[in-house]
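Notes to accompany the following structure.
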Amino acid sequence: MPLSKTTWHHIRRSPFQSLVAFMVLSVTFFVTSLFVLSSQGLSSLLNDFETKPEVTIFLKDGLELSAVENLQKELASYPSIREIKFISKEKALTIYQEQNKDNPLLTEMVTASILPASFEVSVSDPQILEEISLDFSKKTQEVDEIIYQKDIIESLLNWTTMLRRVGIVTVSLFSFISIIIIFIIIGMKINSRKEEIRTSRLLGASKFYVKKPFLLEGFIYGFVGGLTGIVAALSLALYFREPINQFFSPVSFLPYDNFFYLLVLLAELILASLIGLISSWFGAKRYIKF
-11 MPLSKTTWHH IRRSPFQSLV AFMVLSVTFF VTSLFVLSSQ GLSSLLNDFE TKPEVTIFLK
49 DGLELSAVEN LQKELASYPS IREIKFISKE KALTIYQEQN KDNPLLTEMV TASILPASFE
109 VSVSDPQILE EISLDFSKKT QEVDEIIYQK DIIESLLNWT TMLRRVGIVT VSLFSFISII
169 IIFIIIGMKI NSRKEEIRTS RLLGASKFYV KKPFLLEGFI YGFVGGLTGI VAALSLALYF
229 REPINQFFSP VSFLPYDNFF YLLVLLAELI LASLIGLISS WFGAKRYIKF
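Per the working numbering, the sequence shown starts with residue -11, numbered consecutively.
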């Protein structure tokens, strides 16, 4: 019997065991794909925050021009200042209208008079951020509020790190379970065919020859199960990509470059196939000893 037919015969003779293997691999790589996409999205969010001004200083209404200029000179005196941008009330209104141009209800009642002027400050040394924030928070006569961008970045970084750790542990656990289940299933199938294998060995078949169908079977479990889970996760991501990206606008949480999804598919498919192949190899090595 040809090798591929032998493997297919093994799968058909124990459909329940085969279905379990397919399902476990599918769930494993469904979770893995979601983890990869989430990590990519959080990295995009983090990069976007890092390119924005680290400190935004909102000014009190009614400040004299000289007071605003003095504040700007004081900011310029700090070391490692990369950029100081003054946002007037009119400029703030323009920015607000641009950000909410798709929702006229949010813009029709807003005028420049109710928006604060502000300084947006970028630095090359993050340690200066805290110093600026502390110093200017004491200027209660001129400063209304300070948004410390580093706090937001650190908070997002902590969430990203936590998600990645949880994701790595979860994916590792699912992968380990997949390996164990395929190992057990291949072992059970080898035990149920001991006489066939013994007869083949007595007729001169090499040990590797009798292992081949089981190795191919494990590879099929990995490939088909992994493909099912990956395609399901990527299809879900592509279907909801637009609303998700609108929610995180202007950041593209899920990339619009479809080549990225192709790379994810190929990389995970190779990994899934290897998991199936390695698991079946260990199972065959453990149970075929004659």
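Quick reminder that beta carbons are idealized off the backbone N, C-alpha and C, glycines included.
What residues are listed by DSSP as bridge partners for residue i?
| i | result |
| --- | --- |
| I45 | F107, I134 |
| F74 | F107 |
| I69 | V111 |
Leaving aside the five residues before and after residue i along the sequence, list all residues of the same chain whose C-beta is less than 8 Å from its C-beta, in chain order.
| i | result |
| --- | --- |
| Y227 | none |
| L(-9) | For L(-9), the pLDDT reaches just 48, beneath the cut-off of 50, and the residue's location in the model is therefore unreliable, leaving the point undetermined. |
| I75 | I83, A105, S106, F107, E108 |
| E119 | Y66 |
| A125 | What sits at residue 125 in the sequence shown is Ser, not Ala. So the list reads V131, I134, once near-sequence residues are dropped. |
| S27 | T148, L151, R152, G155 |
Considering only residues of the same chain and omitting the five flanking positions on each side of residue i, which have a CB-CB separation below 6 Å?
| i | result |
| --- | --- |
| L279 | Because the chain here runs from -11 to 278, residue 279 falls outside it and cannot be looked at. |
| L122 | none |
| M(-11) | At M(-11) the pLDDT is 43, less than 50, meaning the model places this residue with poor confidence and gives no usable figure here. |
| I173 | Q5, A9 |
| F270 | F171 |
| E133 | F46 |
| S31 | none |
| F17 | G214, G217, I218, E256, A260 |
| E71 | S110 |
| D90 | none |
| Y244 | none |
Between the beta-carbon of residue i and the beta-carbon of residue j, is there less than 9 Å?
| i | j | result |
| --- | --- | --- |
| S166 | F207 | no |
| K48 | E108 | no |
| V19 | G217 | yes |
| L253 | V219 | yes |
| A100 | E78 | yes |
| I156 | A272 | no |
| Y136 | E42 | yes |
| I169 | V12 | yes |
| K127 | L59 | yes |
Leaving aside the five residues before and after residue i along the sequence, list all residues of the same chain whose C-beta is less than 7 Å from its C-beta, in chain order.
| i | result |
| --- | --- |
| S68 | V111, S112, D113, I116 |
| I263 | S163, S166, I167, G210 |
| P144 | For the record, residue 144 in the displayed sequence is Leu; it is not Pro. For L144, where only same-chain residues beyond five positions count, the Cβ hits under 7 Å are L33, L34, F37. |
| V239 | S32, L33, D36 |
| S237 | none |
| I140 | F37 |
Since residue i and residue j should fall inside the 8 Å C-beta cutoff, what is the C-beta to C-beta distance between them, to a whole number of angstroms?
| i | j | result |
| --- | --- | --- |
| L222 | N233 | At roughly 15 Å, the Cβ-Cβ gap does not stay under 8 Å, so L222 and N233 are not in contact. |
| V159 | F23 | 6 Å |
| task | Assess, as a yes-or-no matter, whether the segment 68 to 87 is touched by the segment 139 to 159 under the definition of 3 or more beta carbon pairs within less than 8 Å. | result | no
| query | Can we say the segment 97 to 106 touches the segment 43 to 63, given the rule of at least three CB pairs closer than 8 Å? | reply | yes
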